[in-house]
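Chemist: Questions regarding the structure given below will be posed in turn.
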Amino acid sequence: MSSRALSTDPVTAARLLLGATLTSGGGTTGEVTARIVEVEAYGGPPDGPWPDPASHSHRGRSTRNAVMFGSAGRLYTYRSHGIHICANISCGPGGTAAAVLLRAAVIERGIGVARQRRGALVAEPALARGPGNLCSALAITMDHNGVDVFDAASPVRVRLADSPADPICGPRVGVSVAADRPWRFWLAGHPEVSAYRRSPRAPLPGVSD
DNA sequence: GGTAAGATCAGC
DNA sequence: CTGATCTTACCT
């Protein structure tokens, strides 16, 4: 029951998910396993324990973000800019909104399958760099929204690392509010980690949320 | 029922 | 720096 470990605040959950392995597919579909090396924490509504104006759940529960309000250890997928799919792992106790966005991973098994999905020209460290690319390489789709990643029968599965990671933290990428909050975490020395680019819509640095 | 905006990526 | 392209949320 590793999901119990994620039944905590999103920052703690983010550190637990760093270094964890993510596996998708198996059987007839190509299986790909990747080690998570970059994540971002997202909180919830203003009246909850982790207010976060940058979170999809900040304005309360909706059809799209319902998984964030559910129990920990479920996959929350959403479509970004009409084209890309991004994947989060829900955390916090049931009824409380929080999740961890998966931003980058090192492909450890199934590189051939991943490259087939991403294109032959893509460099190896870039196969699962960026949340949209990560989902593309692992063939994570909107059909996977809500699946239990700690269920061995799920199409997408997570196995937490034995020892907790010692991550570096910094501001989240691409968010237009609370842009200075250091809720992005990554493991040092990985070329898979995406470069930081502040959202063009974010206010100048130093403006608090 | 219409529309604006978005936790992105690839290609000029 | 821009275009692609679609879902959601929040109006009227």
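So my numbering is basically just the index in the first sequence, starting at one, shifted up by 1. Where is the CB? At the ideal position from N, CA and C, for every residue including glycine. As the structure is a computational prediction, the values presented were derived from the model and not from experiment.
#1: Of all the options A15, G20, S8 and P11, which has the alpha carbon lying nearest to the alpha carbon of D163?
#2: What are the complete alpha helix (DSSP H) segments, minimum 4 residues, inside the stretch 23-105?
#3: Nearest-angstrom Cα distance between R202 and G45?
#4: Which residue from Y197, T34, A98 and T30 puts its Cα closest to that of V107?
#5: Thinking just about the alpha-carbon of each residue, which of R119, A124, L17 and N66 is nearest to the one in A98?
#6: In terms of residue numbering, what span does the alpha helix (DSSP H) encompassing G113 cover?
#7: Once DSSP output is grouped into helix, strand and coil, what is the label at D10?
#8: To the nearest angstrom, how far is the alpha carbon of L102 from that of G120?
#9: Determine the direct distance from the alpha carbon of G111 to that of T29, and round the result to whole angstroms.
#10: DSSP state of R158, grouped into three classes?
#11: Kindly list the residues whose CB is nearer than 6 Å to the CB of S177, restricted to its own chain and excluding five residues on each side of it in sequence; keep chain order.
#12: Can the beta-carbon of L188 be found closer than 7 Å to that of V38?
#13: Is S58 buried or exposed, if buried means 16 or more other CB atoms sit within 10 Å of its CB?
#14: DSSP on G171, reduced to helix/strand/coil?
Modeler: The structure says:
#1: For this step, residue 163 is matched to residue 162 along the first sequence. The candidate whose alpha carbon is nearest that of D163 is G20.
#2: The stretch 23-105 contains, as complete alpha helix (DSSP H) runs of 4+ residues, the segments 67-70 (chain order).
#3: Here residue 202 refers to the residue found at position 201 of the first sequence. Here residue 45 refers to the residue found at position 44 of the first sequence. The straight-line gap from Cα to Cα measures roughly 21 Å.
#4: Taking the first residue of the first sequence as 1, we reach residue 107 at position 106. If we check each option's Cα against that of V107, T34 comes out closest.
#5: For this step, residue 98 is matched to residue 97 along the first sequence. Considering only R119, A124, L17 and N66, the residue with the shortest C-alpha distance to A98 is N66.
#6: Along the first sequence, one-based indexing puts residue 113 at 112. Note, G113: alpha helix (DSSP H), I112 to R119.
#7: The residue given as residue 10 occupies position 9 in the first sequence. Looking at D10 - three-state DSSP - the assignment turns out to be coil, as it is neither helix nor strand.
#8: In the first sequence, counting from the first residue as 1, residue 102 sits at position 101. In the first sequence, counting from the first residue as 1, residue 120 sits at position 119. L102 and G120 have their C-alpha atoms roughly 24 Å apart.
#9: Taking the first sequence and counting its residues from 1, one reaches residue 29 at position 28. Taking the first sequence and counting its residues from 1, one reaches residue 111 at position 110. C-alpha separation (whole angstroms): 13 Å.
#10: As a working mapping, residue 158 is identified with position 157 in the first sequence. Three-state DSSP puts R158 in a strand.
#11: Counted from its first residue, the first sequence places residue 177 at position 176. Hits under 6 Å: S200, R202 and A203.
#12: For the purposes of this step, residue 188 is taken as the residue at position 187 of the first sequence. For the purposes of this step, residue 38 is taken as the residue at position 37 of the first sequence. Their beta carbons are under 7 Å apart, which means L188 touches V38 by this criterion.
#13: Within the first sequence, residue 58 is the residue found at index 57, counting from 1. S58 should be labelled buried.
#14: Here residue 171 is taken as the residue at index 170 of the first sequence, counted from 1. In the structure shown, G171 sits in a strand (DSSP, three-state: E or B).
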